[in-house]
Amino acid sequence: MSRTLDAQRRYLGLERRVKRENLKRVWYRFKRSRLSLIGLSLICLLILFVGLAEFIAPYPEHAGLYINFKDAYKPPSLEHLLGTDMYGRDVLSRVIFGFRYAFLLIGIVLSLVVPTGVVLGLIAGYYRGTIIETIIIRLSDIFISIPYLVLALAIASILEPNIYNAMLAVSLMWWPWYVKLTHSVTASLRNEPFILAAEAQGASTVHILFRELLPNQLGIILTKVTLDAGWVVLIGAAISFVGLGAQPPTPDLGTMVSEYSKYLPSYWWMSMGPALGIVLIILSFNLLGDGIRDVFAGD
Amino acid sequence: MSEGVNMQKDSILMVSDVRKYFKIKEGIVKAVDGVSFSVKYGETLALVGESGSGKTTTGHVVMGFYPPDSGGILYKGRHDLSIPIKKRSLELKREIQIVFQDPGTSLNPKHMIKDIVGLPLRIHRLADSSGVYGKVAELLEFVGLGEDFMFKYPHELGGGEKQLVAIARALAPSPSFIILDEPTSALDVSSQAKVLNTLSRIQKEHDISYLLITHDLGVVRNIAHRVMIMYLGKIYEEAPTEEFFREPLHPYTQMLLSSIPTLTRQDEEIKPKGVEAVGEIPSALSPPKGCRFHTRCPFAKPVCSEREPPDVMTDNGHVVRCWLYE
């Protein structure tokens, strides 16, 4: 008995070692490219801003309703690195709080969209050639065919224009892309012998979908998720810009660009701050996405 | 009649008049067109044919990857195999396993070998999560791979090793019947020998029946007990292996045998003469009328292109479907 226990312990140890080595290999592939490292560090920095905005922002009280006309319309200086706006609020502080809303948007949208899209895509691909596939794919097509701003407009007019309804609108137009992606990969893997082998052994459909098919497309899904994170921010900003998203004084980057654009070009620094914030987020996620793609390349 | 009952008794698998057609844009492909055979307990039956002859389709129909359009498949005299795999009982799935042609695609590239071989153990509850390691190690040991293969991924293995893993996986749930779908044709010669020896050893020790699908007559000679020759969806000759190589009857079989390159004068002498390999296998979309081989047959008579040849039984259990022996 103790002999088998010993063997058991040895096997578990071996397995752990191999898994650790694999992680090391993943990290090695990722860090080969300096740009993806830069992307990762930028994301970490942004997450730090998101978590500790109150402590990092030089004037945390400027994030929301705050009026100090004495300091209004100040260009960038040492005191206000990105200048101040028409109410005398520090733009940098507002941008730092703006990251919080951007990440909230990314988090909520992607956690709604990715699981829904991936699960539906896996099912559609696995049941290819059946009515199930037709229903799922046609439904996705319907949602894809509606322009997202029109959808946001519809939702904002039915409900009310705020950041959560903006998220809902973005989510509703986004999930079909994950269906399309996973459906096409799954359908091409569907009749691979390793899937037939799992079926022959009597594996459940759930096992085949999530343990056989999903791991073989995790790389491409993760790459899309990171690249999409930037896009979600951009589209969220667009919805806010046309006034259907977060409403002032919420320090949302898109809302800020929209608000401050009225003061262009004389007070250029106001809209430049949040615009640079948006660019920074998109850039970092794109660099990270490239790194993740490199890790999975050649698989 | 009594013969039929007897056949049922000692056959693990009985296939009778199975047809499988595929509809494609250009028409209907008659991949398997009325095939009957039976595999006896503990025997290796080889199903031999060129690419496109329908041999793999036959194997997949037996597996239930797609059900036959018509005809019956009976397993151990009582289980109906003409139902798709999804509708079969877990027990039936445990008993019938398959080894695919290309081990490069039959093992999930994302799984460790221990998970690949351990999966059937877990599905059929033959080991709990802690017992899986030991069982997998045993199975790998048995097919001639060390236990250190457990924690490798398929891409770290050579072709022969991968195929041995696939065999270990097929063996894991202790099946009674394994379909070997060209188990060696994707391997180099040295791995082929190892895989074939392992397969023979498994059969002897576990009393498993094989349906060996192959185009390699060398493999057939090594491990098969009986041989069937398939051409364009139909079986044209069936004989015990020794008898088959001693006296191939069907002109197609003779053509196949004479196309094997030989090394020694002795081999050259036993090769059938006068049947040169000519032409290509016709399309299964519009198979020739009558005997499907008549377009390439050097001995074709007028009747060959008109009517299906009859089954001609000789002694020694040799069956040939050809007008020449009528």
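First to last, the protein sequences are chains A and G.
For the first sequence, position 125 matches number 125 in the working numbering, and the numbering has no gaps at all.
For the second sequence, position 98 matches number 1098 in the working numbering, and the numbering has no gaps at all.
Where a beta carbon is used, it is the ideal one built from N, C-alpha and C, also for glycine.
Everything numeric in this text was worked out from a predicted model, so none of it was measured.
Three-state secondary structure (DSSP) at residue i?
i         : result
G:Ser1002 : Model confidence at G:Ser1002 stands at a pLDDT of 41, short of 50, so the residue's coordinates are unreliable; what they give is reported in the following sentence. If DSSP states are grouped into helix, strand and coil, G:Ser1002 belongs with the helices.
A:Lys19   : helix
A:Val257  : helix
A:Met1    : At A:Met1, the pLDDT of 46 sits below 50, so the modelled position is not reliable and the matter cannot be decided from this model.
A:Thr130  : coil
G:Gly1287 : According to the sequence provided, residue 1287 of chain G is Pro. The question's Gly does not apply to it. G:Pro1287 falls in the coil class under three-state DSSP.
G:Asp1102 : coil
G:Tyr1210 : strand
A:Ser93   : helix
A:Ser77   : coil
A:Met167  : helix
G:Leu1126 : coil
G:Ser1053 : coil
A:Gln247  : coil
Drop a sphere of 10 angstroms on the beta-carbon of residue i, count the other beta-carbons inside from all chains shown, and report buried for 16 or more, exposed for fewer.
i         : result
A:Glu160  : exposed
A:Cys44   : exposed
G:Pro1310 : exposed
G:Arg1098 : Going by the sequence as given, residue 1098 of chain G is Ile instead of Arg. Counting Cβ neighbours within 10 Å, G:Ile1098 comes out buried, since at least 16 surround it.
A:Glu212  : buried
A:Trp269  : buried
G:Asp1080 : exposed
G:Met1313 : exposed
A:Ala197  : buried
G:Phe1293 : buried
A:Ile47   : exposed
A:Leu280  : buried
A:Ala166  : buried
G:Arg1307 : exposed
A:Asn22   : exposed
A:Val26   : exposed
Counting only the same chain and skipping the five closest in sequence on each side, list residues whose C-beta sits under 8 Å from that of residue i.
i         : result
G:Leu1212 : Thr1044, Leu1045, Ala1046, Leu1047, Leu1180, Pro1183, Val1219, Val1220, Ile1223 and Ala1224
G:Gly1104 : Pro1154, Gly1159, Lys1162 and Ala1186
G:Met1001 : Because G:Met1001 carries a pLDDT of 38, less than 50, the predicted location of this residue cannot be relied on, and the following value inherits that uncertainty. Closer than 8 Å at the Cβ level, and outside the excluded window around G:Met1001, lies no residue.
A:Ile56   : Leu48, Phe49 and Ile96
Apart from the five residues on each side of it in sequence, which residues of its chain come closer than 7 Å, Cβ to Cβ, to residue i?
i         : result
G:Pro1107 : Correcting the residue identity first, residue 1107 of chain G is Leu in this sequence and not Pro. Excluding residues within five positions, the ones whose Cβ falls inside 7 Å are Ile1116, Pro1154, Lys1162, Val1165 and Ala1166.
G:Val1032 : Val1018, Arg1019, Lys1020, Gly1054, Thr1057, Thr1058, Val1061 and Gly1233
Taking only beta-carbon atoms, is residue i less than 7 Å away from chain G?
i        : result
A:Val18  : yes
A:Pro124 : It should be noted that the sequence gives Ala, not Pro, for residue 124 of chain A. Taking Cβ atoms only, chain G never reaches closer than 7 Å to A:Ala124, which makes this a no.
A:Ala187 : no
A:Leu14  : yes
A:Tyr308 : Lying before the first or after the last residue shown, residue 308 of chain A is absent from chain A, which here runs from 1 to 299.
A:Ala197 : yes
A:Gly202 : yes
A:Tyr11  : yes
A:Gln8   : yes
A:Asn68  : no
A:Asn216 : yes
A:Glu21  : no
A:Pro305 : Because chain A here runs from 1 to 299, residue 305 of chain A falls outside it and cannot be looked at.
A:Glu192 : yes
Say yes only if the C-beta of residue i is nearer than 6 Å to one or more non-hydrogen atoms of the ligand ZN, and no if none qualify.
i         : result
G:Glu1306 : With respect to the ligand ZN, the structure shown offers nothing to examine, as it has no ligands at all.
For residue i, which residues from the same chain have a beta carbon less than 6 Å from its beta carbon, with the 5 sequence-adjacent residues on both sides left out?
i         : result
G:Cys1322 : His1250 and Pro1309
G:Cys1291 : Cys1304 and Pro1309
A:Asp290  : Ser36
Give a yes or no on whether 7 Å exceeds the smallest Cβ distance from residue i to chain A.
i         : result
G:Ser1129 : no
G:Ser1106 : yes
G:Arg1078 : no
G:Pro1067 : no
G:Ile1083 : no
G:Lys1020 : no
G:Phe1100 : yes
G:Tyr1075 : no
G:Pro1183 : no
G:Leu1090 : yes
G:Met1230 : no
G:Pro1120 : yes
G:Lys1055 : no
G:Phe1151 : yes
G:Tyr1210 : no
Item to check | Within 7 Å of chain D by C-beta, residues of the stretch 221–236 of chain A in sequence order | outcome: The structure shown contains no chain D; its protein chains are A and G.
Next on the checklist: Within 8 Å, do at least three Cβ pairs link the stretch 154–169 of chain A to the stretch 186–204 of chain A?
Outcome noted: no
Next on the checklist: Between the stretch 112–119 of chain A and the stretch 86–100 of chain A, can you find at least three pairs of beta-carbon atoms closer than 8 Å?
Outcome noted: no
Next on the checklist: Count Cβ pairs between the stretch 279–288 of chain A and the stretch 1238–1254 of chain G that sit closer than 8 Å; are there 3 or more?
Outcome noted: no
Next on the checklist: Counting beta carbon pairs with one atom in the stretch 1061–1074 of chain G and one in the stretch 1119–1130 of chain G, are three or more of them shorter than 8 Å?
Outcome noted: no
Checklist entry - Counting pairs of Cβ atoms below 8 Å between the stretch 167–177 of chain A and the stretch 249–258 of chain A, do you hit three or more? => result no
Next on the checklist: Whether or not the stretch 82–92 of chain A and the stretch 55–71 of chain A are in contact is what I'm after, with contact meaning three or more pairs of Cβ atoms, one per stretch, closer than 8 Å; do they touch?
Outcome noted: yes
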